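**Q** Below is one structure. I have some questions about it.
Number of protein chains: 2
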Amino acid sequence: MDKYRLRFNNEFNKYIQLYEHIKSLIDKNQIEDGEKLPSIRELADFLKLNKVTIINAYKKLQVEGYANQKIGSGTYAKRRDSIRGFKKSYSITFKKLSSGRLGDVIDFTGETTSADFFPVSDLKAVLNDVLDRDGAEALIYQDVLGYEKLRERINEKFWDNKLDFDDILVVSGAQQGIDIVSKALINVNDNIIVEKPTYSGALSVFKSRKANIFEVPIEKDGVDLEALKKILKKNKVKCFYFMSYFQNPSTVSYSDSKKKELLKLAEEHDFYIIEDDYLSELIYDENTKYSSMKSYDKNDRVIYIKSFSKIFLPGIRIGYLVCPRIFKDSVQNSKVNTDISTSSLMQRALEMYMEREYWVEHIKLLNVKYKERYEFMKTEIQKKLNERVEFNPPGGGLHFYLKLSDSIQINSIELFYKLREKGILITPGVMFYKHSKEGERYFKIGFSQTDSDKIRKGIEIISSVLSEEAEVYGIPNN
Amino acid sequence: MDKYRLRFNNEFNKYIQLYEHIKSLIDKNQIEDGEKLPSIRELADFLKLNKVTIINAYKKLQVEGYANQKIGSGTYAKRRDSIRGFKKSYSITFKKLSSGRLGDVIDFTGETTSADFFPVSDLKAVLNDVLDRDGAEALIYQDVLGYEKLRERINEKFWDNKLDFDDILVVSGAQQGIDIVSKALINVNDNIIVEKPTYSGALSVFKSRKANIFEVPIEKDGVDLEALKKILKKNKVKCFYFMSYFQNPSTVSYSDSKKKELLKLAEEHDFYIIEDDYLSELIYDENTKYSSMKSYDKNDRVIYIKSFSKIFLPGIRIGYLVCPRIFKDSVQNSKVNTDISTSSLMQRALEMYMEREYWVEHIKLLNVKYKERYEFMKTEIQKKLNERVEFNPPGGGLHFYLKLSDSIQINSIELFYKLREKGILITPGVMFYKHSKEGERYFKIGFSQTDSDKIRKGIEIISSVLSEEAEVYGIPNN
Numbered sequence: 001m002d003k004y005r006l007r008f009n010n011e012f013n014k015y016i017q018l019y020e021h022i023k024s025l026i027d028k029n030q031i032e033d034g035e036k037l038p039s040i041r042e043l044a045d046f047l048k049l050n051k052v053t054i055i056n057a058y059k060k061l062q063v064e065g066y067a068n069q070k071i072g073s074g075t076y077a078k079r080r081d082s083i084r085g086f087k088k089s090y091s092i093t094f095k096k097l098s099s100g101r102l103g104d105v106i107d108f109t110g111e112t113t114s115a116d117f118f119p120v121s122d123l124k125a126v127l128n129d130v131l132d133r134d135g136a137e138a139l140i141y142q143d144v145l146g147y148e149k150l151r152e153r154i155n156e157k158f159w160d161n162k163l164d165f166d167d168i169l170v171v172s173g174a175q176q177g178i179d180i181v182s183k184a185l186i187n188v189n190d191n192i193i194v195e196k197p198t199y200s201g202a203l204s205v206f207k208s209r210k211a212n213i214f215e216v217p218i219e220k221d222g223v224d225l226e227a228l229k230k231i232l233k234k235n236k237v238k239c240f241y242f243m244s245y246f247q248n249p250s251t252v253s254y255s256d257s258k259k260k261e262l263l264k265l266a267e268e269h270d271f272y273i274i275e276d277d278y279l280s281e282l283i284y285d286e287n288t289k290y291s292s293m294k295s296y297d298k299n300d301r302v303i304y305i306k307s308f309s310k311i312f313l314p315g316i317r318i319g320y321l322v323c324p325r326i327f328k329d330s331v332q333n334s335k336v337n338t339d340i341s342t343s344s345l346m347q348r349a350l351e352m353y354m355e356r357e358y359w360v361e362h363i364k365l366l367n368v369k370y371k372e373r374y375e376f377m378k379t380e381i382q383k384k385l386n387e388r389v390e391f392n393p394p395g396g397g398l399h400f401y402l403k404l405s406d407s408i409q410i411n412s413i414e415l416f417y418k419l420r421e422k423g424i425l426i427t428p429g430v431m432f433y434k435h436s437k438e439g440e441r442y443f444k445i446g447f448s449q450t451d452s453d454k455i456r457k458g459i460e461i462i463s464s465v466l467s468e469e470a471e472v473y474g475i476p477n478n
Numbered sequence: 001m002d003k004y005r006l007r008f009n010n011e012f013n014k015y016i017q018l019y020e021h022i023k024s025l026i027d028k029n030q031i032e033d034g035e036k037l038p039s040i041r042e043l044a045d046f047l048k049l050n051k052v053t054i055i056n057a058y059k060k061l062q063v064e065g066y067a068n069q070k071i072g073s074g075t076y077a078k079r080r081d082s083i084r085g086f087k088k089s090y091s092i093t094f095k096k097l098s099s100g101r102l103g104d105v106i107d108f109t110g111e112t113t114s115a116d117f118f119p120v121s122d123l124k125a126v127l128n129d130v131l132d133r134d135g136a137e138a139l140i141y142q143d144v145l146g147y148e149k150l151r152e153r154i155n156e157k158f159w160d161n162k163l164d165f166d167d168i169l170v171v172s173g174a175q176q177g178i179d180i181v182s183k184a185l186i187n188v189n190d191n192i193i194v195e196k197p198t199y200s201g202a203l204s205v206f207k208s209r210k211a212n213i214f215e216v217p218i219e220k221d222g223v224d225l226e227a228l229k230k231i232l233k234k235n236k237v238k239c240f241y242f243m244s245y246f247q248n249p250s251t252v253s254y255s256d257s258k259k260k261e262l263l264k265l266a267e268e269h270d271f272y273i274i275e276d277d278y279l280s281e282l283i284y285d286e287n288t289k290y291s292s293m294k295s296y297d298k299n300d301r302v303i304y305i306k307s308f309s310k311i312f313l314p315g316i317r318i319g320y321l322v323c324p325r326i327f328k329d330s331v332q333n334s335k336v337n338t339d340i341s342t343s344s345l346m347q348r349a350l351e352m353y354m355e356r357e358y359w360v361e362h363i364k365l366l367n368v369k370y371k372e373r374y375e376f377m378k379t380e381i382q383k384k385l386n387e388r389v390e391f392n393p394p395g396g397g398l399h400f401y402l403k404l405s406d407s408i409q410i411n412s413i414e415l416f417y418k419l420r421e422k423g424i425l426i427t428p429g430v431m432f433y434k435h436s437k438e439g440e441r442y443f444k445i446g447f448s449q450t451d452s453d454k455i456r457k458g459i460e461i462i463s464s465v466l467s468e469e470a471e472v473y474g475i476p477n478n
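This is the structure we're talking about:
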């Protein structure tokens with residue numbers, strides 16, 4: 001009982017302090033997995049606290065996965081599994097990073113283009129010109145679908161005017177696109193298929209819709225069609241979510257034939273395809289040509305989602321989606337229920353930015369800068385991690401996906417912790433699988449936030465950590 | 001069969017044209033409710049179309065509620081009930097309105113302060129100053145919780161620094177607040193309580209979470225506590241959603257005693273309270289004092305949601321919420337899954353706008369302007385609709401909620417259509433009830449978008465329409 005004693009700070013909420021205390025006892029194994037916690041009355045008497053405080057602390061332990069309540073019996077400690085613990089720790093790391101509390105780290109986890117390349121002055125110019133031109137008009141709510149001229153402009157610049165601009169819905173970034181499409185389409189127990197591995201932000205949304213998620217392994221040119229067909233044969237599937245270029249995390253791009261095959265399957269088996277076209281502007285390999293699945297979509301089977309935040313103008317939080325007509329109304333309603341509408345001013349600024357073709361130059365610049373980094377990082381990995389990892393160069397995008405060689409005994413979570421101590425941040429593969437364990441042999445490193453100096457230094461440190469691990473197990477350092 | 005014939009326009013999708021045609025036949029009763037539609041083969045032969053086109057048209061009819069499919073038997077027409085039809089028609093009206101296609105109407109449906117009062121030059125100043133001060137920094141993603149300085153500023157200006165600023169989460173408007181809180185808290189079949197009537201945007205979100213919704217009638221000083229207690233006695237309730245001031249639509253404000261009583265009930269019955277503080281800045285009645293329920297919340301029972309879009313700087317799409325610690329992590333995750341983060345630039349602009357106290361002047365101005373409109377509209381209603389409607393003046397906010405007198409035989413949906421013909425837009429009460437029919441005797445008229453001229457003219461037309469209705473049934477015109 002004595003271990004439960006703690007000195008309270010009167011300035012803070014007591015139940016939170018008690019919760020933190022018990023949690024740390026569980027983490028340190030001073031309370032064992034499955035150990036019964038004191039009864040509420042017992043602990044209240046012991047700590048001279050109100051029973052409600054104990055109840056709240058126990059409740060929070062349950063909510064956070066540190067305890068189970070057995071009705072009529074009591075509350076029992078539960079050790080959080082290492083992956084859940086890791087995810088928590090990962091998210092805390094990024095809170096610290098984004099609020100500047102991590103100091104000078106080498107961040108290989110970035111997903112957005114670097115602030116160094118942001119066209120601040122262009123953005124400033126269009127914001128001012130929009131406010132001068134439109135005045136208060138620029139601030140009122142738009143049509144639910146989004147600012148009409150922006151939808152026309154998107155149709156003109158990216159679709160050769162082949163879409164009906166009323167089929168375009170402006171959203172506040174691609175993540176919102178995935179969220180509102182899910183709310184409109186996916187209900188409890190609906191079957192949906194994702195790539196394995198896949199983007200963790202999409203996985204979370206589908207899980208929160210209580211969908212029944214099937215994972216299909218990804219191959220060099222897209223998802224494994226035979227595995228997919230097996231699922232389709234036995235299950236009525238609602239939709240398939242995928243990324244057409246530089247898939248996150250596997251970096252795979254789809255072949256045209258696979259895109260077409262998937263469209264055929266969608267028609268035969270009556271399911272819909274969510275195409276997350278998140279990074280196709282950054283193609284470094286001259287043999288890779290761009291063609292979205294949506295552009296081949298004759299039967300209105302593809303929900304196309306595009307982010308402008310990742311690459312265009314990150315602070316602007318705008319993307320769009322193109323939706324089969326059959327879902328148009330429900331997706332629109334879902335948008336209204338999610339946030340009414342996307343910032344009107346930003347939509348107008350983006351429209352002007354497109355009209356003036358500022359983006360063309362900007363994307364050219366990004367391609368030059370990131371191709372350099374890509375080539376440099378590829379070479380560094382090949383040189384310094386050669387026997388430690390396996391990977392396929394993606395030919396575009398902002399990251400590499402590495403598989404630990406069999407000679408490396410630690411998994412990518414352990415690698416994450418070891419590297420974090422040395423000021424290097426990576427993303428372990430466990431984030432990208434429905435059953436996280438399957439990602440333990442993989443990790444992702446991106447170059448969006450790291451110049452060549454940081455890339456060189458970071459890869460060197462990864463190399464030395466992996467070499468130590470290999471040495472421990474008798475494999476010579478290279 | 002002949003009625004199915006139509007001439008196709010080759011430029012557009014044929015199945016959509018067929019769908020529209022059949023839908024209009026159903027609307028016009030040329031296909032009756034329950035009538036069997038031709039078989040797919042029959043209709044394909046008759047119209048010389050591919051069978052897939054017929055299948056898609058029938059599928060869309062089903063999705064839109066115009067047909068039922070009976071397996072092995074065929075597809076049957078279904079007349080959409082008048083309320084569902086109305087809601088569709090209402091939403092189309094507003095699409096037309098927001099894209100300027102309705103021309104010069106008198107819009108009594110507005111919910112946001114008028115563009116005439118927007119402080120465009122102040123916004124422009126802060127946007128420029130933020131971009132000059134922060135450069136590209138202003139555009140990168142923030143801490144999940146939102147820009148730290150903005151959270152500090154909110155704590156300082158609105159909470160006297162009594163909150164922990166890390167308990168504040170910045171969101172993209174109040175609707176998003178409701179959505180992410182619901183995703184974090186509410187699961188399938190959870191019991192939740194709302195006021196009757198309540199805000200339609202919240203109802204939709206709760207319905208989409210598949211919650212079990214209880215409605216409790218609203219009285220002059222807040223929800224009916226006896227009715228609420230009856231529900232609490234028999235059901236484990238997860239949360240109660242309410243608006244503390246000028247409730248939308250009933251315009252009721254809560255008494256302090258009712259707020260405290262509700263907090264006590266929440267603690268006793270272990271439920272949480274979502275306080276939507278959507279319009280408390282506009283108080284015209286000097287006897288009404290402001291105190292949020294959150295400010296009385298000692299046991300961390302209240303999730304407080306505040307919009308800045310409605311009143312502060314509408315184009316900016318920012319609000320915030322304060323969340324009990326027990327839900328903090330799950331609400332944060334829900335925010336990330338919804339849209340990653342709110343526009344960083346706009347958060348910085350808002351912070352500067354607050355720092356410079358521009359908002360104090362702006363809200364003073366709004367109070368002067370809207371109090372004038374409020375008094376004027378109140379008098380006009382009292383003078384011209386006296387025997388036609390009943391209502392309680394709210395003493396603040398942006399609208400009135402009127403009940404049709406018994407002498408008026410039409411319901412508010414019919415009134416909506418009649419007024420729309422004359423260029424007047426109102427909101428029928430059916431939008432605000434779980435069972436829409438209960439709102440048929442009510443309608444809402446707001447003055448946010450209408451100056452005194454429009455108010456005068458609009459109320460006159462409403463008066464003449466209602467008088468005609470009363471006359472038809474033998475009640476003399478006044």
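Chains A and B are the protein sequences, given in the same order. Residue 452 in the UniProt record's numbering is what sits at position 452 of the first sequence, and the numbering runs on without skipping anything. Residue 457 in the UniProt record's numbering is what sits at position 457 of the second sequence, and the numbering runs on without skipping anything. In this text, a Cβ means the ideal position worked out from N, Cα and C, and glycines have one as well. Model, not experiment: these values are computed from the prediction.
Which residue from A/LYS36, A/GLU35 and A/ALA57 puts its Cα closest to that of A/ALA44?
**A** Residue A/ALA57 is the option with its Cα nearest to A/ALA44.
**Q** For B/SER244 versus B/SER204, is the C-beta distance shorter than 9 Å?
**A** Taking 9 Å as the Cβ cut-off, B/SER244 and B/SER204 do not qualify as a contacting pair.
**Q** Is it buried or exposed, residue 479 of chain B, if we count other Cβ atoms within 10 angstroms and call 16 or more buried?
**A** Here chain B covers residues 1 to 478 and nothing more, so residue 479 of chain B does not appear.
**Q** Determine the chain A residues that contact B/GLU148 at a beta-carbon separation under 7 Å, and present them in chain order.
**A** In chain order: SER99.
**Q** Quick one: complete alpha helix (DSSP H) runs, 4+ long, within the segment 243-295 of chain A?
**A** You should have 256-269.
**Q** Can you list, in chain order, the stretches of the alpha helix (DSSP H) that have 4 or more residues and sit fully within the segment 98-151 of chain A?
**A** 120-134, all fully within the segment 98-151 of chain A.
**Q** Going by DSSP, name the residue or residues bridged to B/HIS399.
**A** DSSP output for B/HIS399 lists B/GLY446 as bridge partner(s).
**Q** At 3 residues or longer, what runs of the beta strand (DSSP E) sit wholly inside the UniProt domain "HTH gntR-type" (12-80) of chain A?
**A** Entirely contained in the UniProt domain "HTH gntR-type" (12-80) of chain A, the beta strand (DSSP E) runs reaching 3 residues are, in chain order, 67-70 and 74-77.
**Q** To the nearest angstrom, how far is it from the Cα of A/ARG441 to the Cα of A/GLY429?
**A** Taking the straight line joining both Cα atoms gives about 7 Å.
**Q** With a threshold of 16 other CB atoms inside 10 Å of the CB of B/PRO324, please say whether the residue is buried or exposed.
**A** Classification for B/PRO324: buried.
**Q** For A/TYR15, collect the residues of the same chain with a Cβ closer than 6 Å to its Cβ; drop the 5 residues on either side in sequence, then sort them by chain order.
**A** Same-chain partners within the cutoff: THR53, ASN56 and ALA57.
**Q** Between the alpha carbons of A/SER412 and A/ASP107, how many angstroms are there, rounded?
**A** Cα-Cα distance, rounded: 16 Å.
**Q** Tell me which residues of the segment 330-348 of chain B have at least one Cβ-Cβ distance to chain A shorter than 8 Å, keeping chain order.
**A** The segment 330-348 of chain B vs chain A, Cβ under 8 Å: SER330, ASN333, SER334, VAL336, ASN337, THR338, ASP339, ILE340, SER341, THR342, SER343, SER344, LEU345 and MET346.
**Q** So, is A/ASP2 buried or exposed, given that buried needs 16 or more other C-beta atoms within 10 angstroms?
**A** Per the 10 Å Cβ criterion, exposed.
**Q** In chain order, what residues of the same chain have a beta carbon less than 6 Å from the beta carbon of A/SER182, not counting five sequence neighbours either side?
**A** Closer than 6 Å at the Cβ level, and outside the excluded window around A/SER182, lie VAL205 and ARG209.
**Q** Per DSSP, what are the beta-bridge partners of A/ASN212 in this structure?
**A** A/ASN191.
**Q** Per DSSP, B/SER307 forms a beta bridge with which residues?
**A** According to DSSP, which records beta bridges pairwise, B/SER307 is partnered with B/GLY319.
**Q** Can you check DSSP and say which residues form a bridge with B/TYR241?
**A** Beta-bridge pairing links B/TYR241 to B/VAL194 and B/ILE274.
**Q** Compare the beta carbon distance of A/SER172 and A/SER334 with 9 Å and say whether it is the shorter of the two.
**A** Taking 9 Å as the Cβ cut-off, A/SER172 and A/SER334 do not qualify as a contacting pair.
**Q** Can you pull the chain B neighbours of residue 480 of chain A, defined as C-beta to C-beta under 7 Å?
**A** As displayed, chain A neither begins before 1 nor continues past 478, which places residue 480 of chain A out of reach and without an answer.
**Q** The alpha helix (DSSP H) that contains A/VAL181, what's its start and end?
**A** Unbroken alpha helix (DSSP H) run through A/VAL181: 174-185.
**Q** CB of B/ALA470 to nearest heavy atom of the ligand SAM: below 8 Å?
**A** The model depicted lacks the ligand SAM and carries no ligand whatsoever.
**Q** Examine chain B for any beta-carbon lying closer than 9 Å to the beta-carbon of A/LYS60, and answer yes or no.
**A** Yes, because at least one Cβ of chain B sits closer than 9 Å to the Cβ of A/LYS60.
**Q** For B/GLY72, does the count of other Cβ atoms within 10 angstroms reach 16, so buried, or fall short, so exposed?
**A** It is exposed - the Cβ of B/GLY72 has fewer than 16 other Cβ atoms within 10 Å.
**Q** Return the residue from the list A/ARG79, A/TRP159 and A/GLN176 that minimises the CA-CA distance to A/GLN62.
**A** When only C-alpha atoms are compared, the closest one is A/ARG79.
**Q** Name the DSSP beta bridge partners of B/VAL360, please?
**A** Looking at the DSSP assignment, B/VAL360 forms no beta bridge with any residue, so it has no partner.
**Q** Under the rule that 16 or more other beta-carbon atoms within 10 Å means buried, what is A/GLU468, buried or exposed?
**A** Exposed.
**Q** Have a look at the DSSP bridge pairing and note the partners of A/THR342.
**A** Answer is none; A/THR342 lacks a bridge partner.
**Q** B/ASP143 versus chain A: which residues are under 8 Å apart at the beta carbon?
**A** Those within 8 Å of B/ASP143 in chain A are LYS95, SER98 and SER99.
**Q** Where DSSP assigns a beta bridge to B/GLU390, which residues make up the other side?
**A** BP columns for B/GLU390 point to B/LYS403.
**Q** Have a look at A/LEU18 and B/ASP167 and give me their C-alpha separation to the nearest angstrom.
**A** Their backbone Cα atoms lie some 19 Å apart in a straight line.
**Q** Are B/LYS230 and B/ASN191 closer than 9 Å when you measure CB to CB?
**A** No; because the gap between Cβ atoms is not below 9 Å, this pair is not in contact.
**Q** Can you say whether A/ILE92 is buried or exposed, counting buried as having 16 or more other CB atoms within 10 angstroms of its CB?
**A** Classification for A/ILE92: exposed.
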